[in-house]
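J.: The sequence shown begins at 2 in the working numbering and counts up by one.
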Amino acid sequence: MALTTNKAVLNWIDEMAAMTQPDQIVWIDGSDTQIEQLRAQACATGEMEKLNQQLLPDCYLHRTAVNDVARVEDRTFICCKKQEDAGPTNNWMDPEEMYAKLKKLYTGAMKGRTMYVIPYSMGVVGSPFAKYGIELTDSIYVVLNMAIMTRVGQAVADVIGDDFVKGLHAKADIDPENRYIVHFPEDNTIMSVNSGYGGNVLLGKKCFALRIASYLGKHQGWMAEHMLILGVENPQGEVRYLAAAFPSACGKTNLAMLIPPEHYRKKGWKVWCVGDDIAWLRVGPDGRLWAMNPEYGFFGVAPGTNEKSNPNALHSTRKGTIFTNVVHNLDDNTVWWEGLDKNPPEHAVDWKGNPWNGKVSTEKGAHPNSRFTAPAKNCPCISAEFENPAGVPISALVFGGRRAKTAPLVYQSRSWEHGVFVGSIMASETTAAATGAVGVVRRDPMAMLPFCGYHMADYWQHWLDMGKTLGDKAPKIFNVNWFRTDDEGHFIWPGFGDNLRVLEWILKRCFQEADAVETAIGYEPKAEDIDLEDSGVDLDTLKDLLGVDTALWQEEVKGIHEFYQKFGDKLPGELTRELDALEARLSK
Ligand code: OXD
Ligand code: MN
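1. What's the C-alpha gap between Glu525 and Leu217?
2. Applying the 10 Å Cβ sphere with the 16-neighbour rule, what's the burial state of Leu540?
3. Can you tell me whether Ala475 is buried or exposed, with buried defined as 16 or more other CB within 10 angstroms of its CB?
4. Is it buried or exposed for Asn68, if we count other Cβ within 10 angstroms and need 16 for buried?
5. Kindly examine ligand 2 and report whether one of its heavy atoms sits closer than 7 Å to the Cβ of Asp278.
6. Could you please give the first and the last residue of the uninterrupted beta strand (DSSP E) stretch that includes Thr138?
7. Considering only residues of the same chain and omitting the five flanking positions on each side of Gln155, which have a CB-CB separation below 7 Å?
8. Please go through the same chain and pick out, in chain order, the residues whose beta-carbon is closer than 7 Å to the beta-carbon of Lys509, but skip the five residues on each side of it.
9. Please determine, among Ala171, Pro23, Met258, the residue with the shortest C-alpha to C-alpha distance to Pro381.
10. How about Pro390 and Phe130: are their beta carbons less than 8 Å apart?
11. When the Cα atoms are used, what is the spatial distance from Val202 to Pro376?
12. Can you name, in chain order, every residue of its own chain whose Cβ lies under 7 Å from the Cβ of Asn482, other than the five neighbours on each side?
13. Which same chain residues, not among the five before or five after Thr108, have their C-beta less than 8 Å away from its C-beta?
14. Should Val153 go down as buried or exposed, given a rule of 16 or more other Cβ atoms within 10 Å for buried?
15. If we define contact as Cβ-Cβ less than 8 Å, is Gly124 a contact residue for chain C?
16. Please find out if some non-hydrogen atom of ligand 2 comes closer than 7 Å to the beta-carbon of His170.
17. On the DSSP letters alone, give me the boundaries of the beta strand (DSSP E) that Val240 sits inside.
18. Report whether the distance from the Cβ of His227 to the nearest heavy atom of ligand 2 is below 7 Å.
19. Does ligand 3 have a heavy atom nearer than 7 Å to the CB of Phe300?
20. Could you tell me which uninterrupted beta strand (DSSP E) segments, each at least 3 residues in length, are contained entirely in the stretch 396-473, listed from first to last along the chain?
21. Counting along the chain, where does the alpha helix (DSSP H) carrying Ser317 start and finish?
22. Just the C-alpha distance for Val421 and Lys406, rounded to the nearest angstrom, thanks.
23. For Phe110 and Tyr117, what's the separation of their Cα atoms in angstroms?
24. Residues bridged to Ser193 by DSSP?
25. Counting pairs of beta carbons, one from the stretch 73-81 and one from the stretch 340-353, are three or more of them closer than 8 Å?
26. Could you spell out the range, first to last residue, of the alpha helix (DSSP H) harbouring Ala585?
27. Would the beta-carbon of Tyr181 fall within 8 Å of that of Val157?
28. If you follow the beta strand (DSSP E) that Gln25 is in, where does it begin and where does it stop?
29. For Thr1, which of helix, strand or coil comes out of DSSP?
30. Is it buried or exposed, Pro657, if we count other Cβ atoms within 10 angstroms and call 16 or more buried?
31. Keeping to the same chain, check which residues put their C-beta closer than 7 Å to that of Pro236; ignore five residues upstream and five downstream.
32. In chain order, what residues of the same chain lie with their CB nearer than 7 Å to the CB of Gly127, ignoring the 5 residues before and after it?
33. Out of Leu231, Pro248, Asp163, His348, point me to the one whose CA is closest to Val240's CA.
34. For Ser396, which residues in the same chain have their Cβ closer than 8 Å to its Cβ, ignoring the five residues on either side in sequence?
35. With hydrogens ignored, establish whether the beta-carbon of Ser249 is closer than 7 Å to any heavy atom of ligand 1.
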């Protein structure tokens, strides 16, 4: 039975059902009874496997098709009326043409299947900052993941209005040649077909909370960012918040759940996770920037997560979690992945569903992009403000990337405009983990390259406009790089919990409690102002980490000129001026 009488919702569902032709339609009310029934059904068909309920209560395992293991950026489209509104960094197709193409793929795609109707909320249901969506899907796996990642069910159906985001997902044949992840920002619509992998099908996450929401934010005066949100509590008990953006493979989840080094713990420092991936940012009644995490769970990469690297993430996965494409340990019916511990199971099934012996196999057992979908409330360091509808006030915005030599450990931008420039030139060097050449600089402005739902240069303009609104209440903007290497290629900075040493300086800067020295690229800490006690890093090494190599930066400037050319006339003048000013400072 429908959970709402909202005509806009019901008419749209009728239309989608007429096209996809499911055998039946089931509304997701979010009740434990219904979730339990769906889990049982998924286990009966082999779509999921129930794990050891003593060790991993309410945890399940799922394997995707082997050709369907990651987000597909080359098949992700922004379909707005004018191509110039999508910009040079997005795939675009005329909406009429795309709707027609998709119609063919969706017609009859749910024959013999059930269409689940998931009313979901991004943000606390009923809060003025929440936004609602409906996802229609023929996958129980999607329903169960959405019920972890977002708030779902009757409470959402009760408040949903006509401006809901429409999401249609059909697994169809999981045909990679006909896989499409399509956004129609002008219609509040997302359509995903021929995939069953998380990032392509959990439509509340990247599709809504970043691509559609960034477009809404531009038009409504707020921001949707690919940022973690972290609270840092000092020994005085004061919690200060920052939001931080990193491209993938830069330790974002680890930073979001950081454990302070012992020296800091003893003094009373604590760190609280508000969000690990996405931040919605608005100007609050006090004129400051406030952030909330629109999600309800973590969709984290499993490999490398362990008791040392990220105990909080690991503990988050010990109940109510869905594991995707990890190793199934048959001895105790649990899960394993590379980097969990040094004890891979001998009697196991790999992510492809084949028998696997971790003691002898030369192949990886878990897919490198295998995932856990875990309720955020499981996280031992989840912030008390996680459910606060107003969110948290942000003192610092932090950008970062993986740079072997160029970027110093930390620097502060000279102004908001300069900070937007710093975000726009964000980059990471490719590692051996990715295919292709090692050390190639990949620009990923604000870590939004695959997630910005409109023209990237208009997005930068929006950042500049937000700065004008915020005025002197704007957060300070910083850049960090945990990945400087020595001449042998070893990381110099210990990273992980020790990153708090840098965050301490960042937050002190926001409250006029720390000094800085001016360099050509921005403000840096005085080396003595970073607490190195028990870090294993000495002052000279820290000075090296803070070094700015003029010749490298002059090369960098050339790369930025080249990158900026892509954006043509739309590139905000402020950014060109910042680039010119940097060039001038470097040649002094
Ligand atoms: C993610 C991503 O999965 O950024 O969070 O790719
Ligand atoms: Mn992400």
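Note that the Cβ used here is the ideal one computed from N, Cα and C, for glycine as well.
Being a predicted model, the structure only gives us computed values, none of them experimental.
T.: In brief:
1. 35 Å
2. exposed
3. buried
4. Around the CB of Asn68, fewer than 16 other CB atoms lie within 10 Å, so the residue is classed as exposed.
5. yes
6. 132-138
7. Leu4, Asp30, Gly31
8. Ala515
9. Met258
10. yes
11. 18 Å
12. Close CB contacts of Asn482 within its chain, under the 7 Å cut and outside five residues either way in sequence, are with Gly401, Gly402, Arg404, Ala408, Pro409, Leu410 (chain order).
13. Met20, Thr21, Gln22
14. Of the residues assessed, Val153 falls on the buried side of the cut-off, its CB having 16 or more other CB atoms within 10 angstroms.
15. Chain labels in this structure do not include chain C; a single protein chain is all it has.
16. no
17. 240-246
18. yes
19. By its list of ligands, the structure shown excludes ligand 3, since it contains just ligand 1 and ligand 2.
20. 411-413, 428-430, 442-444
21. 312-317
22. 22 Å
23. According to the sequence shown, residue 110 is Ala rather than Phe. Going from the Cα of Ala110 to the Cα of Tyr117 covers about 14 Å.
24. His170, Ile182
25. no
26. 574-587
27. no
28. 25-28
29. What is shown of the chain runs 2 to 589, which leaves residue 1 out entirely.
30. Any question about residue 657 goes unanswered here, given that the chain covers just 2 to 589.
31. Lys268, Gly269, Trp270
32. Val160
33. Leu231
34. Arg241, Tyr242, Leu243, Pro476, Lys477, Leu508, Cys511, Phe512
35. yes
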